[in-house]
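Engineer: Read in order, the letters of the sequence shown are residues 1029 to 1202 in our numbering.
We put the beta carbon where it would ideally sit given N, CA and C, even for glycine.
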Amino acid sequence: MLTAKLNRTMLSFLAGLGALLVAVTAQAGSLATPTEKPILTISGKIDTTNKDGTAQFDRPMLEALGMTTIETTTPWYSGPVKFEGVSLSKLMKQVGASGERVSIVALNDYSSEIPIEDFEKYNVILAVKRNGEYMPVRDKGPLFIVYPFDSNPDLKSQTFYSRSVWQVAKIVVK
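Written as structure tokens, this is what we have:
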């Protein structure tokens, strides 16, 4: 009799624990599904996904994270340019990134590795707009990694210019 009661109590406890784990896992890994064509796929060491172990984003999803503006000069345009986009630090938190670096991959398969610490240290953004306009693929769009080059003289170097990938399609967290 005591054994049967103990077994029922243990089963009840395990069922409750299982339900709790399912609820926590579902909440921790929830990310909306894109309603438009995805323009960014994040994979690798992330814990928040929405499709086949990746985090896919369309433009409205990225913009909904909150936009940040950087006005800076670059080697690719004459004069200061205003870029608007998502903080890469915020984006990494959104997907639960746990790596130390990322590989940024462009539409043409060009890639560059960036230490994740750069994102917060330098306030790097994933730009979707240049001077108020969405960037087309033929002009470095739809997404462009932008450092605030004018904010720190150290950023005006080939190291950081090579990390400024345009036509970004994928981010792999390593």
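Let me confirm a value: Ala-1155 is counted as buried when at least 16 other C-beta atoms fall within 10 Å, else exposed. Which label applies?
Structural biologist: Looking at its Cβ environment, which holds 16 or more other Cβ atoms inside 10 Å, Ala-1155 is buried.
Engineer: Comparing C-alpha positions only, which one of Ile-1098, Thr-1082, Arg-1129, Thr-1076 sits nearest to Leu-1068?
Structural biologist: Taking only the C-alpha atoms, the option nearest Leu-1068 is Thr-1082.
Engineer: Using a Cβ-Cβ cutoff of less than 6 Å, which residues in the same chain neighbour Thr-1096 once the five nearest sequence positions on both sides are dropped?
Structural biologist: Counting only Cβ-Cβ distances below 6 Å, and skipping sequence neighbours, we find Ser-1115, Ile-1153.
Engineer: Tell me whether Thr-1063 is buried or exposed, calling it buried when 16 or more other Cβ atoms sit within 10 Å of its Cβ.
Structural biologist: So Thr-1063 ends up on the exposed side.
Engineer: Do the segment 1167-1175 and the segment 1188-1195 meet, that is, are 3 or more Cβ pairs less than 8 Å apart?
Structural biologist: In short, these stretches touch, since the Cβ pair count reaches three.
Engineer: Taking 8 Å as the threshold, find out whether the segment 1091-1109 comes into contact with the segment 1127-1144 through three or more Cβ pairs.
Structural biologist: Counting Cβ pairs under 8 Å, fewer than three are found: no touch.
Engineer: Please report whether the beta-carbon of Ala-1155 lies at a distance below 8 Å from any beta-carbon of chain D.
Structural biologist: The displayed structure is made up of one protein chain only, and chain D is not part of it.
Engineer: What is the DSSP secondary structure of Gln-1195, counted as helix, strand or coil?
Structural biologist: It is coil, neither helix nor strand.
Engineer: Report the rounded CA-to-CA distance for Pro-1164 versus Asp-1178, giving the unit in angstroms.
Structural biologist: Using only the alpha carbons, I get a separation of about 24 Å.
Engineer: Just curious, the alpha helix (DSSP H) that Tyr-1105 is in, first and last residue?
Structural biologist: Unbroken run through Tyr-1105 is the beta strand (DSSP E), 1105-1115; no alpha helix (DSSP H).
Engineer: Compute the beta-carbon to beta-carbon distance between Thr-1076 and Gly-1124, rounded to the nearest angstrom, for a pair I have assumed lies under 8 Å.
Structural biologist: About 4 Å; that satisfies the 8 Å criterion.
Engineer: Using DSSP's beta-bridge definition, name the partner residues of Leu-1068.
Structural biologist: DSSP, once it has assigned bridges, lists Phe-1085 as partnering Leu-1068.
Engineer: Measure the beta-carbon distance from Gly-1127 to Lys-1073 and round it to whole angstroms, keeping in mind my assumption that it falls under 8 Å.
Structural biologist: Confirmed, about 4 Å.
Engineer: Ends of the alpha helix (DSSP H) at Glu-1148?
Structural biologist: Taken as a continuous stretch (DSSP letters only), the alpha helix (DSSP H) holding Glu-1148 covers 1145-1150.
Engineer: Using a Cβ-Cβ cutoff of less than 7 Å, which residues in the same chain neighbour Ile-1144 once the five nearest sequence positions on both sides are dropped?
Structural biologist: Around Ile-1144: Met-1120, Ala-1125, Gly-1127, Glu-1128, Arg-1129, Val-1130.
Engineer: Quick check: what's the CA-CA separation for Asn-1136 versus Ser-1071?
Structural biologist: Their Cα atoms are separated by approximately 18 Å.
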